[in-house]
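Residue numbers (our numbering): 84 to 774.
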């Protein structure tokens, strides 16, 4: 992940200096307050508090203990004020309201005098009102009160973070994260110390340094498929020899594609081509400008048969450039090094291109090939350098004295881009978005998933850590309960969430199809949280129509023309992968948690099926198969499925867009949603549903 914006503490006095007002909350008991109301308050959160920056404590009564806790916003009301003595502010983007500062921080407020769980997130900013929305006549309007919303459906996280099972799960996940970080740190070293030193000796930045200098200062960068090529070839190929990802330049999200010349000279292996094409696919799908940081020797010649001739090989890169340019998606090339053979078409087909003096070259054939073919002896700079292409051939548009000059020029080009593809409504929605943090810390996600994949858990606990205010309006909660569906917001963006809570039955699949169609009709992006073993099997399931119900869900997923983002938080097995928007269904983005597994079925199940087939075959041949041989056969199958179902095996082959820390999931989703919701809504239509 990229750089996260850190929390910082800020005093109430500091907030007041920034223009915020003091507001008191006074809660009064009325004659209508009853034990029934007390009971309601204990089980359902009441308050969505906005505009509050300070509380003064004038009551020593402990009957208000637990006010603003997610599981109990108000246990009993007393006259007087409720005091808070500490405010922690997280800065987030916001709008000016009534002359207030141009940020709307989410606050975690804590009363030092309270016991137990004391932290709750609130909202600062917006216009305070004097209206208290009543629950019956239980509460009355009081002076200087901010608006209260009794309609929230806040998810209660039932996970006990002090339990032994949570600690066991957390330890298992942290071990997986240590392994992930080790792999990521290794690929970030590029082609090794010698290659990096040679590269820097030419006054060149490394690919990730180039990206860092292009992006807005302090902005996050979502790097995609970091582990592409992991253990895929006999020789190491860190990150597949190319760095891709999404980040903002002058506030505009762009797709960045940077060759890594320290890895095999930046040449294209099959996985390099696949990763480059995936970046272009994401850019086309989400209308993101493409910035190509070119420094490549072209196709890898020893592997030319795997790189050059087929439909989705090297030539498809330039086809995609032409198609995106025609669609109004800007194509910008910064030539920072070699750009040889077919690779010369990257800047030649770009809308605008920059080339660096001395290091940047563009030619269809380099000096050795020119000499062999024509006998001409010419230097690389004279053959295809910056001076030639900026002043004679016109292949490049901007002359840069060095890399920093080129990167600064690239930023200026993006600043001057038109906003084709960004609808007025998308900009309005972005401006009006209200952002609130979840009630539960993101790190809690690391301890929710059982270390033993056979154990179940409630997907709502995951959702509670991801969505704004932990608010989730669940759809058809009592029907098909093994699939959880509902509406929420992530970073202010409305989303529909589809999460697995067990195997998919007929009712679950029908519910999923219904909900997906609702979101498609309303142009609401879909988030799929995959932890699926598949659809139910057996005579009863078949009689209930599981095949046609599953087909409806699969068709709904395939035909829903809204942004779709899939996170594999556990298993992804069989046809359940299809119904939950697996890779074959072209989600805008797909990420794995380190505990993810992807297979047509579990290893033990596959071993049982294949062992039965092998046993039947041997019986027909009159051969004896003893139990030891059968167990050895099964062990071999299980080992193969474990190896091939591993997330690193999947990520190396670009079956996903990367493996992420569960704690980064909300940030990843926020950036992906921002990238994928800028285009005009499309109308979803469907084929024939078998009724």
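For every residue, glycine included, the Cβ atom is placed at its ideal position computed from N, Cα and C.
Residue environment analysis places residue 616 among the buried positions, since at least 16 neighbouring C-beta atoms fall within 10 angstroms of its C-beta.
Residue 684 and residue 409 have their C-alpha atoms roughly 43 Å apart. In this structure, DSSP gives residue 724 a helical state, which the three-state scheme calls helix. If you keep only unbroken beta strand (DSSP E) runs of at least 3 residues inside the region 680-751, you get 680-682.
In the three-state DSSP reduction, residue 351 falls in the strand class (E or B). Counting along the chain, residue 297 sits inside the alpha helix (DSSP H) bounded by residues 290-297.
Relative to the Cα of residue 637, the nearest Cα in the group 320, 742, 598 belongs to 598. A direct Cα-Cα distance of roughly 6 Å separates residue 498 from residue 333. Residue 517 and residue 572 have their C-alpha atoms some 9 Å from each other.
Fewer than three pairs of CB atoms, one per stretch, sit closer than 8 Å, so the region 453-463 makes no contact with the region 524-534. Listed in chain order, the non-local C-beta contacts of residue 427 below 7 Å within the same chain comprise 445, 446, 447, local neighbours out to five positions each way being set aside. For residue 274, the CB contacts under 6 Å within the same chain, skipping 5 residues up- and downstream, are 345, 346 in chain order. Restricted to the region 544-621, the alpha helix (DSSP H) segments that are unbroken, complete and at least 4 residues in length are 589-604, listed in chain order. Residue 558 is positioned such that its CB atom lies no closer than 8 Å to that of residue 236.
Excluding five sequence positions before and after residue 534, the CB atoms of its chain that fall closer than 6 Å to its own CB belong to 251, 252, 255, given in chain order. The alpha carbon of residue 642 has as its nearest neighbour, out of 319, 602, 621, the alpha carbon of 602. Bounds of the alpha helix (DSSP H) holding residue 278 are 276-283. The DSSP-derived three-state label of residue 444 is coil.
In this structure residue 750 is buried. Its beta-carbon is surrounded by 16 or more other beta-carbon atoms within 10 angstroms. For the pair residue 583 and residue 612, the CB atoms are nearer than the 8 Å cut-off. Excluding five sequence positions before and after residue 680, the CB atoms of its chain that fall closer than 6 Å to its own CB belong to 654, 728, given in chain order.
DSSP places residue 664 outside both helix and strand once states are collapsed to three, so it counts as coil. As a beta-bridge residue in DSSP terms, residue 651 pairs with 613, 675.
For residue 565 and residue 387, the gap between their C-alpha atoms comes out near 48 Å. Taking C-alpha positions only, residue 704 is separated from residue 697 by approximately 11 Å. Residue pairing by DSSP puts residue 339 in a beta bridge opposite 328, 374. Residue 482 sits in a strand when the DSSP states are folded into three classes.
Here the C-alpha atom of residue 418 lies approximately 33 Å from the C-alpha atom of residue 747.
Comparing alpha-carbon positions, the option among 389, 283, 400 lying closest to residue 340 turns out to be 400. In its chain, beyond the 5 residues on either side, 153, 237, 238, 521, 522, 523, 547 have a beta carbon closer than 7 Å to the beta carbon of residue 553. Shown here, residue 318 sits in coil according to DSSP, grouped into three states, outside any helix or strand.
Beta-bridge analysis with DSSP links residue 422 to 379. The closest CA to that of residue 759, considering only 391, 292, 367, is found on 367. Looking only at 324, 753, 765, 271, the smallest Cα-Cα distance to residue 519 is reached by 753. In this structure, residue 644 and residue 765 form a Cβ contact; the two beta carbons are roughly 4 Å apart against a cut-off of 8 Å.
Per DSSP, residue 400 is one residue of the alpha helix (DSSP H) stretching across 398-409.
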